[in-house]
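Asker:
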Amino acid sequence: MAGQAAISGAPLGQAEQGLPSDRVADLVEYIVCGLVTDEDRVSLDVTDGEGSALIEISCAEDDAGRVIGKRGRTIKAIRTLARALGSRVGTAVEVEVLG
């Protein structure tokens, strides 16, 4: 793979079978599960539109602060990564935390 990141076991350059938003949701879930203390309570609700996707993150109340971060820096970084991958796979992405 030499320098390329992989999501769901496939290199970024390789086509996936599912929706483009599935790749972005996998990335967001991977990041969020690394931040929280209770991974079992993390769930993502993905709503696909025409060329866009809304990813809503649900987690334990105690973990919502970890996902949002000080002054919102963590969620801003997650949104930036999600939008970057979204543009690469051809979909506009919004990420929200429900807590």
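Per numbering that gives the first Met the number 0, residue 0 is the first one in the sequence shown, and the count goes up by one each step.
Cβ atoms here follow ideal geometry from the backbone N, Cα and C, with glycine treated the same way.
Since we're looking at a predicted model, the values are computed, not measured.
Please state whether DSSP places T79 in a helix, a strand or coil.
Answerer: In the sequence shown, counting from the first residue as 1, residue 79 sits at position 80. T79 falls in the helix class under three-state DSSP.
Asker: Quick check on DSSP: helix, strand or coil for T73?
Answerer: In the sequence shown, the residue the question calls residue 73 occupies position 74. In the structure shown, T73 sits in a helix (DSSP, three-state: H, G or I).
Asker: Apart from the five residues just before and just after L53, which ones in its own chain have a Cβ nearer than 6 Å to its Cβ?
Answerer: Taking the first residue of the sequence shown as position 1, residue 53 is located at position 54. T46, E93.
Asker: Is the distance from the Cβ of S51 to the Cβ of T90 below 9 Å?
Answerer: On the sequence shown, position 52 is the one that residue 51 refers to. On the sequence shown, position 91 is the one that residue 90 refers to. Yes, the Cβ-Cβ distance between S51 and T90 is below 9 Å.
Asker: Once you ignore the five residues that flank E95 on each side, which residues in its own chain have a CB closer than 8 Å to its CB?
Answerer: Looking up residue 95 in the sequence shown gives position 96. Only L53, I54, E55, I56 meet the Cβ criterion.
Asker: Tell me, to the nearest whole angstrom, how far the beta carbon of V23 is from that of G85; I am working on the premise that it is less than 8 Å.
Answerer: For this step, residue 23 is matched to residue 24 along the sequence shown. For this step, residue 85 is matched to residue 86 along the sequence shown. That belief holds up - the Cβ atoms of V23 and G85 are roughly 5 Å apart, short of 8 Å.
Asker: Measure the alpha-carbon distance for G17 versus D61 and round it to whole angstroms.
Answerer: Against the sequence shown, residue 17 aligns to sequence position 18. Against the sequence shown, residue 61 aligns to sequence position 62. Those two C-alpha atoms are separated by around 32 Å.
Asker: By the DSSP assignment, the alpha helix (DSSP H) with L26 in it spans what residues?
Answerer: Taking the sequence shown and counting its residues from 1, one reaches residue 26 at position 27. Note, L26: alpha helix (DSSP H), 19-34.
Asker: Just to check my reading of the structure: P19 and V88 have Cβ atoms closer than 8 Å, yes? What is that Cβ distance to the nearest angstrom?
Answerer: The residue you call residue 19 lines up with position 20 of the sequence shown. The residue you call residue 88 lines up with position 89 of the sequence shown. Confirmed, Cβ separation roughly 4 Å.
Asker: Per the DSSP calculation, E55 is bridged to which residue(s)?
Answerer: Within the sequence shown, the letter at position 56 stands for residue 55. Paired residues: D44, E95.
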